[in-house]
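Colleague:
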Amino acid sequence: MEESPLSRAPSRGGVNFLNVARTYIPNTKVECHYTLPPGTMPSASDWIGIFKVEAACVRDYHTFVWSSVPESTADGSPIHTSVQFQASYLPKPGAQLYQFRYVNRQGRVCGQSPPFQFREPRPMDELVTLEEAD
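The sequence shown begins at 583 in the working numbering and counts up by one.
Shown next as structure tokens:
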């Protein structure tokens, strides 16, 4: 992992994170889905980290997992894949905002997700029941 400040690739044409929730429940594994753009050559040294939004260096991750190395598509279409973060390595619940970042073998951030939080689920008493009128 590189110690230099984050160098971010432009978001156009970069790794796209899919179906990112606004909140994740602590102590539950998190599945991270993403798409690699056409022409991307994934490496076993690429990784996906969970970073505080304000993190400025690739070494400032909370946790990371090595990316999967899918087979390239012959037609040059985007590659959809996913990784899992185990529950025991996730941040504690709170107001802190985090994001997924895809970091390639050169230490360059090639994509980042929208922000999300780790929060306990809300109590059931906040649910409202709707009934149809006859």
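All C-beta atoms in this analysis are idealised placements derived from N, C-alpha and C, irrespective of residue type, glycine included. All of these numbers come straight from a predicted model, not from anything done at the bench.
Does the separation of the CB atoms of P624 and G596 fall below 8 Å?
Modeller: It is not a contact, given that the beta carbons lie outside the stated cut-off.
Colleague: Less than 8 Å separating the beta-carbons of A758 and N601?
Modeller: Residue 758 falls outside the range modelled here, since the chain spans only 583 to 716, and no answer is possible.
Colleague: For L588, which three-state DSSP category applies?
Modeller: Unreliable placement is indicated for L588, whose pLDDT of 44 sits below 50; no coordinate value is reported for it.
Colleague: With distances taken from CA atoms, which of H615, Y616, V647 is nearest S627?
Modeller: Minimum Cα distance to S627 is reached at V647.
Colleague: Using DSSP with H/G/I as helix, E/B as strand and the rest coil, what is S664?
Modeller: In this structure, S664 counts as strand in the three-state DSSP scheme.
Colleague: Does the beta-carbon of T605 have 16 or more other beta-carbons within 10 angstroms, so that it is buried, or is it exposed?
Modeller: Exposed: under 16 other Cβ atoms inside 10 Å.
Colleague: Rounded to whole angstroms, how far is the Cβ of V665 from the Cβ of S650, which I believe are closer than 8 Å?
Modeller: Yes, they are in contact, since the Cβ atoms of V665 and S650 sit about 6 Å apart, within 8 Å.
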